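Heads up, the thing below is written out as structure tokens.
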Amino acid sequence: MRVNGAERQAPGSARRLLSDYLRGDLGLTGTHVGCEHGVCGCCTVLLDGRAIRSCLMLAVQAEGHEVTTIESLSPEGAELHPVQRAFQECHGLQCGFCTPGFVMAICGLLAENPDPTQPEIEEGIAGNLCRCTGYASIRRAVRRAAELMQEPPPPASPGTPPTARGRVVQSPPPPASPGTPPTARGRVK
Amino acid sequence: MKPPPFEYHAPNSVARALELLATLEDAKVLAGGQSLIPLLNFRLARPAHLVDVNRLPGLDRVYERDGGVAVGATVRQSGAERDPLLRERCPLLPLALRLVAHHVIRNRGTVCGSLAHADPAAELCAALLVLGGHVVAESTRGSRVIAAGELFRGPFETALQPDELITEAWFPTHATGEVGVLEESRRHGDFAMAGVARYRDRVALFGVAGTPVMADPDDPTRGLQPSGDLEASPEFKLHLVRVLVARAYGRAG
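Chains as they are written, first to last, in the numbering used here: chain A, 725 to 913; chain B, -14 to 238.
Here's what the structure looks like:
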């Protein structure tokens, strides 16, 4: 099977759940496990581009398929993925335990539906539990991620101010962090 | 978490799958796994063999036949939900699917798997029943049609024999205005405390008996004796049935 673009050896035992295989065998501990029976959504990954629960699938079943985990979104040193940036900007996380599952579920949602309505956003994240945020900021983050992913790539000219890109700002302003360069905001990965 | 020990089989033809089901002792079919894997994780099921049907060719089709639409064994619930043919010819199924668990679960769960699992609160079982659909069960002994009215025998219990595989489910064609499905649950995506699937003047209830049951729209609670649970008392379930049936027919509940 392919995990984050790399060919990986099959699990040794058919009893190995995909979630345990990713974490235990491959060391990809960004995929979290919470309830381990499909309720909490922490272990959500993409299987051939669609969001699924990795705790409800045997690893052997993923053979011949492509698995995408949170680690692939922003490899070492790379810019954050638009969904991750949206979470940062909108305070979509506190303790962070549920975050990888939310981010992968939202990646799956936006791949199928790049411009979801509010009810579609709520339906899209309804299968993930968060005990910190109360969901309001996560809903905003989905909206913001959809905007970020639809933005045209920044023009090549470094002199162009960010406001000239025709971007429609609807969601909350970016965090006041002085470290965030304004040019980083309009980028589409 | 680790499922109990089992031997895993991933046949790549229907004939081979049926042969395995016919010869192996205590084999269980693994389709989407969205109910079976949790049961394994909790050790509530301990089959000696799992026969994974996900690699069987030709079972991922949705197609028209005999005045209805057939849905193959490996068609995912989310695929059926989006399917243009089902939306046009069999709208009750996409409507019911929207109430099944969560989108991420439906990306993996199958329509036929839900019917074979026969959860008393399953929307799809009630949809098959109210429409008068059927499943096609195949084994090395041959193929047979099991009508919805015959299929559901009790909670998680069907008329399927251990060596039989549901290769497709068939739903009669109908118009959007003729059908509806309503349910009440504590949280979005939970199993319903009570639910109603309607087709013209026919009503099937789910979540209120050991199987989905047909009911009289004018007196839907007649003969009904739901058992209570943590979420709803028997009285509340009966109340929900009355309200939901009234709403299904556009009457005030």
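Beta carbons: idealized from backbone N, C-alpha and C, even for Gly. These figures come from a predicted structure and were not determined experimentally.
Rounded to whole angstroms, what is the Cα-Cα separation between G858/A and I845/A?
Locating residue 858/A in the first sequence gives position 134, where the first residue counts as 1. Locating residue 845/A in the first sequence gives position 121, where the first residue counts as 1. Distance between the alpha carbons of G858/A and I845/A: 15 Å.
If we call anything under 9 Å between Cβ atoms a contact, is N39/B one with P(-12)/B?
For the purposes of this step, residue 39/B is taken as residue 54 along the second sequence, with counting starting at 1. For the purposes of this step, residue -12/B is taken as residue 3 along the second sequence, with counting starting at 1. In this structure, P(-12)/B does not lie closer than 9 Å to N39/B by Cβ.
Using a Cβ cut-off of 9 Å, pull out every chain B residue sitting near M725/A, in sequence order please.
The residue given as residue 725/A occupies position 1 in the first sequence. Within 9 Å Cβ-Cβ: nothing; M725/A doesn't reach chain B, min ~13 Å.
Does the pairing of the region 50 to 58 of chain B with the region 127 to 144 of chain B give three or more beta-carbon distances under 8 Å?
no
Between E216/B and R171/B, how many whole angstroms is the CB-CB distance? I'm expecting something under 8 Å.
For the purposes of this step, residue 216/B is identified with residue 231 of the second sequence, where counting begins at 1. For the purposes of this step, residue 171/B is identified with residue 186 of the second sequence, where counting begins at 1. Their Cβ separation, rounded to whole angstroms, is 5 Å, which keeps E216/B and R171/B in contact under 8 Å.
Counting only runs of 3+ residues fully inside the region 147 to 216 of chain B, write out the beta strand (DSSP E) ranges in chain order.
Those beta strand (DSSP E) runs which fall completely within the region 147 to 216 of chain B and span 3+ residues are 150 to 157, 164 to 169, 179 to 184, 187 to 191, 198 to 200.
Contact list for F176/B against chain A, beta-carbon separation under 9 Å
Counting from 1 along the second sequence, the entry for residue 176/B is found at position 191. Result: empty, since nearest Cβ-Cβ is about 12 Å, beyond 9 Å.
Drop a sphere of 10 angstroms on the beta-carbon of V130/B, count the other beta-carbons inside from all chains shown, and report buried for 16 or more, exposed for fewer.
Walking along the second sequence from the start, residue 130/B turns up at place 145. By the neighbour-count rule (16 or more Cβ atoms within 10 Å), V130/B is not buried but exposed.
Which residues bound the beta strand (DSSP E) around L862/A?
By 1-based counting over the first sequence, the position of residue 862/A is 138. The residue you asked about is not Leu; residue 862/A is Ile in the sequence shown. No beta strand (DSSP E) contains I862/A, which is instead part of the alpha helix (DSSP H) from 860 to 874.
Is R777/A helix, strand or coil when you go by DSSP?
On the first sequence, position 53 is the one that residue 777/A refers to. In this structure, R777/A counts as strand in the three-state DSSP scheme.
From V166/B to G117/B, what does the alpha carbon distance come to, in whole angstroms?
Taking the first residue of the second sequence as 1, we reach residue 166/B at position 181. Taking the first residue of the second sequence as 1, we reach residue 117/B at position 132. Rounded to whole angstroms, V166/B to G117/B spans 15 Å at the Cα level.
Cα-Cα, which of Q785/A, E731/A, G762/A, I830/A is closest to Y(-7)/B?
In the second sequence, the residue the question calls residue -7/B occupies position 8. For the residues Q785/A, E731/A, G762/A, I830/A, the minimum Cα distance to Y(-7)/B belongs to Q785/A.
Within the region 75 to 130 of chain B, note down every full beta strand (DSSP E) run reaching 3 residues or more, in order along the chain.
With a minimum length of 3 residues, the continuous beta strand (DSSP E) runs that stay inside the region 75 to 130 of chain B are 119 to 124.
If you follow the alpha helix (DSSP H) that T8/B is part of, which residue opens it and which one closes it?
Counted from its first residue, the second sequence places residue 8/B at position 23. Where T8/B is concerned, the enclosing alpha helix (DSSP H) starts and stops at -1 to 8.
I'd like to know whether the C-beta atoms of E153/B and L6/B end up nearer to each other than 9 Å.
Residue mapping note: residue 153/B aligns to position 168 of the second sequence, counting from 1. Residue mapping note: residue 6/B aligns to position 21 of the second sequence, counting from 1. No, Cβ-Cβ distance for E153/B and L6/B is not below 9 Å.
Looking at chain B, is there any beta carbon in it that lies within less than 9 Å of the beta carbon of P732/A?
The residue labelled residue 732/A in the question sits at position 8 within the first sequence. A quick correction: the sequence has Arg, not Pro, at residue 732/A. No, no contact with chain B.
Would you be able to state if there are at least three C-beta pairs under 8 Å between the region 787 to 799 of chain A and the region 727 to 736 of chain A?
As far as the Cβ criterion goes, the region 727 to 736 of chain A touches the region 787 to 799 of chain A, which means the pair count is three or higher.
What does the alpha-carbon distance come out to for the pair A30/B and P(-10)/B?
Position 45 of the second sequence holds residue 30/B. Position 5 of the second sequence holds residue -10/B. So the alpha carbons of these two residues sit roughly 11 Å apart.
Taking a Cβ distance cut-off of 7 Å, strictly less, list which residues of the region -4 to 22 of chain B are near chain A, in chain order.
G18, Q19, I22
Inside the region 767 to 837 of chain A only - alpha helix (DSSP H) runs reaching at least 4 residues:
806 to 814, 823 to 836
Do you know offhand how far C110/B's Cα is from G801/A's?
Locating residue 110/B in the second sequence gives position 125, counting from the first residue. Locating residue 801/A in the first sequence gives position 77, counting from the first residue. Their Cα atoms are separated by approximately 50 Å.
Using beta carbons (cut-off 9 Å, strictly below), is E813/A in contact with chain B?
Position 89 of the first sequence, counted from the first residue, corresponds to residue 813/A. Not an interface residue.
6 Å Cβ shell around L752/A - same chain, five flanking residues per side excluded:
Residue 752/A sits at position 28 when you count from the first residue of the first sequence. These residues qualify, in order along the chain: L746, T793, E795.
What does a CB cutoff of less than 8 Å around I849/A pick up in its chain, not counting 5 residues either side in sequence?
Counting from one through the first sequence, the residue named residue 849/A turns up at place 125. So the qualifying residues of the chain are F826, A829, I830, L833, Y859, I862, R863, V866.
Residues within the region 50 to 76 of chain B neighbouring chain E, beta-carbon criterion of under 8 Å:
Among the chains of the structure shown, chain E does not appear; the protein chains present are A and B.
Going by the DSSP bridge assignment, what does T143/B pair with across the sheet?
Counted from its first residue, the second sequence places residue 143/B at position 158. Answer is F137/B, bridged to T143/B.
If you check the beta carbons only, do F811/A and A869/A fall under 9 Å apart?
As a working mapping, residue 811/A is identified with position 87 in the first sequence. As a working mapping, residue 869/A is identified with position 145 in the first sequence. Contact: yes.
Take L70/B and list the residues in its own chain whose beta-carbon comes closer than 8 Å to its own, dropping the five residues that flank it on each side.
As a position in the second sequence, residue 70/B is number 85, starting the count at 1. Closer than 8 Å at Cβ, skipping near neighbours: V47, Y48, E49, V54.
What residues from the region 22 to 38 of chain B come within 7 Å of chain A, judged by C-beta to C-beta, listed N to C?
I22, P23, N26, F27, D37
For a contact meaning CB atoms closer than 7 Å, what does K(-13)/B contact in chain A?
Within the second sequence, numbered from 1, the residue matching residue -13/B stands at position 2. Taking the beta carbon of K(-13)/B as reference, the chain A residues within 7 Å of it are R739, listed in sequence order.
Relative to chain A, which residues along the region 152 to 172 of chain B have a C-beta separation below 7 Å, given in chain order?
none
Secondary structure at K222/B, three-state DSSP: helix, strand or coil?
Numbered from its first residue, the second sequence carries residue 222/B at position 237. Looking at K222/B - three-state DSSP - the assignment turns out to be helix.
Comparing the C-beta of H761/A with each C-beta of chain B, is any distance below 9 Å?
Position 37 of the first sequence, counted from the first residue, corresponds to residue 761/A. H761/A counts as touching chain B.
Please list the residues of the region 819 to 839 of chain A that have a C-beta atom closer than 8 Å to any C-beta atom in chain B, keeping them in chain order.
A829, G832, L833
If the cut is a Cβ gap below 8 Å, which residues of chain B does R747/A touch?
Start at 1 with the first residue of the first sequence, and residue 747/A comes out as number 23. Within 8 Å Cβ-Cβ: nothing; R747/A doesn't reach chain B, min ~12 Å.
Three Cβ pairs or more, each shorter than 8 Å: is that satisfied between the region 63 to 78 of chain B and the region 86 to 99 of chain B?
yes
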